[in-house]
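Here's the structure, in structure tokens; my notes come after.
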Amino acid sequence: MKKICVLFIHVLLFKMTCWSQVTLSDYQRADSTVKFRDITYYTNVSSHWIDETSSFWYRVNTPKGDEYFLVDVLKLKKLPAFDQNKLCKNLNTITGRDFKSYSIPFKELTFGKNLKEIEFIIDSTKWNCNLRNYAITKVEDVKIPSRRRGYWGRSRDELSNEPVISPDSNWVAFIKNFNVFIKKRNAKEEYQLSFNGSEGELYSSFIKWAPDSKKLATYQVRLHTKKYIYFVESSPEDQLQPKLHKREYLKPGDALPIRKPCLFNVEERKQIPVDTQPFEHQYSVSDLKWWNDSRAFTFEFNQRGHQVYQVVEVDAQTGNTKILIDERSNTFIDYSGKKIRRDVKDGQEIIWASERDGWNHLYLFNSQTGKMKNQITKGEWVVRDVVHVDEDNRQIVFRASGMYPGEDPYLIYYYRINFDGTELTRLTTEMANHRATFSEDYKYFIDNYSRVDLPPVTVLRSSSDGKVLMQLEKADITKLLEKGWNFPEVFAAKGRDGKTDIWGIIYKPTDFDSTKTYPVIEYIYAGPHSSHVMKSFLSYYRSFTGLAELGFIIVQIDGMGTSNRSKAFHDICWKNIKDAGFPDRILWIKAAGEKYPYLDTTRVGIFGTSAGGQNALAALLFHPEFYKVSVSSCGCHDNRMDKIWWNEHP
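Here you go:
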């Protein structure tokens, strides 16, 4: 109770202080900052390669509005993609609408292979435009998929009972009475392949046929007792009384379904036993995946506790299992953020990401023996993703960060390297956060790069050496700067160990005066599944810009316990989620205050949402000597009561 009272007192004092300083003009200025998004140009480039051509088109924001351009890579020639005025005029005629030439609301746009026609969707109608004469015809009505994502906590329906046709189209596999059945596609006679399925331990309808149609595999699933959380809809539209809703919601420690891989011989109409005992203590298993030659299938086993993660192969003839990759950790394996697997030459080799040497790197495994052939990348930096694997030339294009001392270690660059770890080639050179879109043949890529303190530049590069072939766009932020907008400042200071650099940004109001002092507000989200400080340019930061205009300096920091640095950096969060990097954050803010006297580090507030809401409250509970006020939104304050996947990992 005492802590709760302290929280309310802090909030009241903070509000009283703010009310005495903030004016109506401050609120008006803060409210107007959303318009910052509309006074930068050539910052948002959305590019699309055209299939089976050497061309791409892109949309870019300009002073006119949205403009569309077509680029011929072989000729290095850029032209308007189409006459927007003609298209808009004819579109208005045929639809009776009043579209504007530079704000036509395309939901989807594609070029024909001859580049002489385009198809596009507006609302729920697909149209075709002949670019020779700008004749527009209706193609069809379309159903636009909902943008709402499915609920993550809903268990998948293992009994959809949808028949699964074999690759040779001769057989159909299906689930009946919880067991696996097959039949000839055009026949009525059914053959039962499994006999021990039951309501509590059923065979899954997610059946995977071998490519040769001679075997099939699925999981037998031991179901768990579903757990729910409940919601009250206070004012439903269809009734007077409140309505109770429930939703599946597993929490840490709850029982999970157990999936056991099962193998069936279609020709002999029998089940081939598979030893599944080593994989019983599971958090999850992946979908089954057959090799193209039907010799075996694989699945990935994530042991509960996330300290063992294995790639397992099941022999199609014998049912014997073989561990192809055995990943282990004394703390936790970051399966949700760093898992990379690329099968080479139908699984003869596997490219795999691991933090076994203390940093996230790529390794090459011989999947015939399960032995590692060699480490592909190495060093005190982090592989972020594999973009492309060239099996013929045995080369990998990948994204990585942290390779260059003294630079922000979170900035993403693109590289190419051979399977054996030789000839590491840097494909993007500018010190910035790069985002690439590659051509279908991976000979070229469009590179959009920026930093929080560097406006975007978009170029076309060669994938062979990263050479810039042509500049496409360069941002114009003149009007933004005229409004007094300040670039966020990137700042680094030593963390709790006195050695490791902690990186963050400092965000100032438009009327910033270095002779004044400003209270500091930290925006926090310390979820260990990623890093969170922004690295690319934005003219308007939803969580920062308006708030800064009320007389604050806003900071954002990635402390220890977050991802995309060394394994040791990340491991701080293991069984220690309340740490949230606060020892590093406090040192960072103090160091910033020593360098910049305008920061009043005796008046530090903090706010966050979800995990950030938990962090924001934790700041007052565990570090009240430093943080004076907290605003916590949607915080999960008891990890025993929150969702299972986030709170059992790490």
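Numbering (my numbering), first residue to last: 3 to 652.
A virtual CB, placed ideally from N, CA and C, is assigned to each residue, including glycine.
Beta bridge counterpart(s) of residue i as assigned by DSSP
i: Gln194; result: Phe183
i: Cys131; result: Ile120, Ile138
i: Asp560; result: Trp505
i: Tyr543; result: Beta-bridge pairing links Tyr543 to no other residue.
i: Phe301; result: Val314
i: Glu351; result: Val346, Asn368
i: Arg61; result: Ser48, Tyr70
i: Trp292; result: Phe299
i: Gly607; result: Ile523, Val631
i: Ser356; result: His363
i: Ser403; result: Val384, Ile414
i: Ser286; result: Asn304
i: Tyr43; result: Asp478
Cα-Cα separation, residue i to residue j
i: Gly506; j: Lys597; result: 14 Å
i: Thr424; j: Tyr446; result: 22 Å
i: Ser545; j: Pro511; result: 13 Å
i: Asp503; j: Asp359; result: 20 Å
i: Leu462; j: Lys79; result: 11 Å
i: Pro457; j: Gly607; result: 29 Å
i: Glu491; j: Lys537; result: 11 Å
i: Gln222; j: Gly548; result: 54 Å
i: Arg295; j: Gln370; result: Correcting the residue identity first, residue 295 is Asp in this sequence and not Arg. When rounded, the distance between both Cα atoms is 14 Å.
i: Ile342; j: Ile353; result: 8 Å
i: Thr439; j: Val276; result: 43 Å
i: Lys228; j: His625; result: 38 Å
i: Gln284; j: Arg386; result: 26 Å
i: Pro169; j: Phe176; result: 15 Å
i: Asp644; j: Ala618; result: 17 Å
i: Asp478; j: Asn46; result: 11 Å
i: Glu475; j: Asn450; result: 9 Å
i: Gly199; j: Ile96; result: 59 Å
i: Gly563; j: Val388; result: 24 Å
i: Val459; j: Phe301; result: 42 Å
i: Ser286; j: Arg261; result: 8 Å
i: Leu117; j: Ser148; result: 30 Å
i: Ile6; j: Leu623; result: With a pLDDT of 40 at Ile6, under the threshold of 50, the predicted position of this residue should be treated as unreliable, and no value is reported.
i: Phe101; j: Val36; result: 24 Å
i: Ser22; j: Gly553; result: Unreliable placement is indicated for Ser22, whose pLDDT of 47 sits below 50; no coordinate value is reported for it.
i: Leu471; j: Lys481; result: 29 Å
i: His390; j: Ile209; result: 29 Å
i: Glu484; j: Thr42; result: 11 Å
i: Lys88; j: Ser103; result: 8 Å
i: Pro263; j: Ser207; result: 13 Å
i: Asn332; j: Gln309; result: 6 Å
i: Cys20; j: Ala434; result: Note on Cys20: pLDDT 47, under 50, position unreliable in the model; no value is reported.
Coarse secondary structure for residue i, derived from DSSP in three states
i: Trp648; result: helix
i: Ser538; result: coil
i: Arg498; result: coil
i: Leu549; result: helix
i: Arg437; result: strand
i: Trp590; result: helix
i: Val385; result: strand
i: Ile424; result: A small correction: the amino acid at residue 424 is Thr; Ile does not occupy that position in the sequence shown. Reduced to three states, the DSSP call for Thr424 is coil.
i: Phe176; result: strand
i: Val36; result: helix
i: Glu160; result: coil
i: Arg149; result: coil
i: Ile574; result: coil
i: Tyr412; result: coil
i: Asn641; result: helix
i: Lys341; result: coil
i: Asn617; result: helix
i: Asp28; result: helix
i: Leu326; result: strand
i: Leu76; result: coil
i: Ile579; result: helix
i: Val8; result: Interpretation of Val8 is limited by its pLDDT of 41, a score under 50 that renders its predicted location unreliable; no figure is taken from the coordinates.
Cutoff 9 Å: residue i Cβ touching any chain D Cβ
i: Glu351; result: Chain labels in this structure do not include chain D; a single protein chain is all it has.
- Message: Extract the residue ranges of the beta strand (DSSP E) inside the segment 194-280, only unbroken runs of 3 or more that lie entirely within it.
- Response: 203-205, 217-224, 230-235, 245-250, 260-267, 272-274
- Task: Inspect the CB distances between the segment 379-393 and the segment 554-572 and report whether three or more fall short of 8 Å.
- Result: yes
- Query: Three or more C-beta pairs closer than 8 Å, one from the segment 151-161 and one from the segment 245-256: is that the case here?
  - Reply: yes
- Item | Whole runs of the alpha helix (DSSP H) within the segment 452-490, excluding any shorter than 4 residues | 480-484
- Could you tell me which uninterrupted beta strand (DSSP E) segments, each at least 3 residues in length, are contained entirely in the segment 78-123, listed from first to last along the chain? 79-82, 110-113
- Message: Could you check whether the segment 632-645 touches the segment 551-560, counting it as contact only if at least three pairs of C-beta atoms, one from each stretch, sit closer than 8 Å?
- Response: no
- Query: Is it a yes or a no for the segment 107-126 touching the segment 52-67, going by three-plus beta-carbon pairs under 8 Å?
  - Reply: yes
- Using 8 Å as the threshold, is the segment 485-501 in touch with the segment 588-597, meaning 3 or more CB pairs across them? yes
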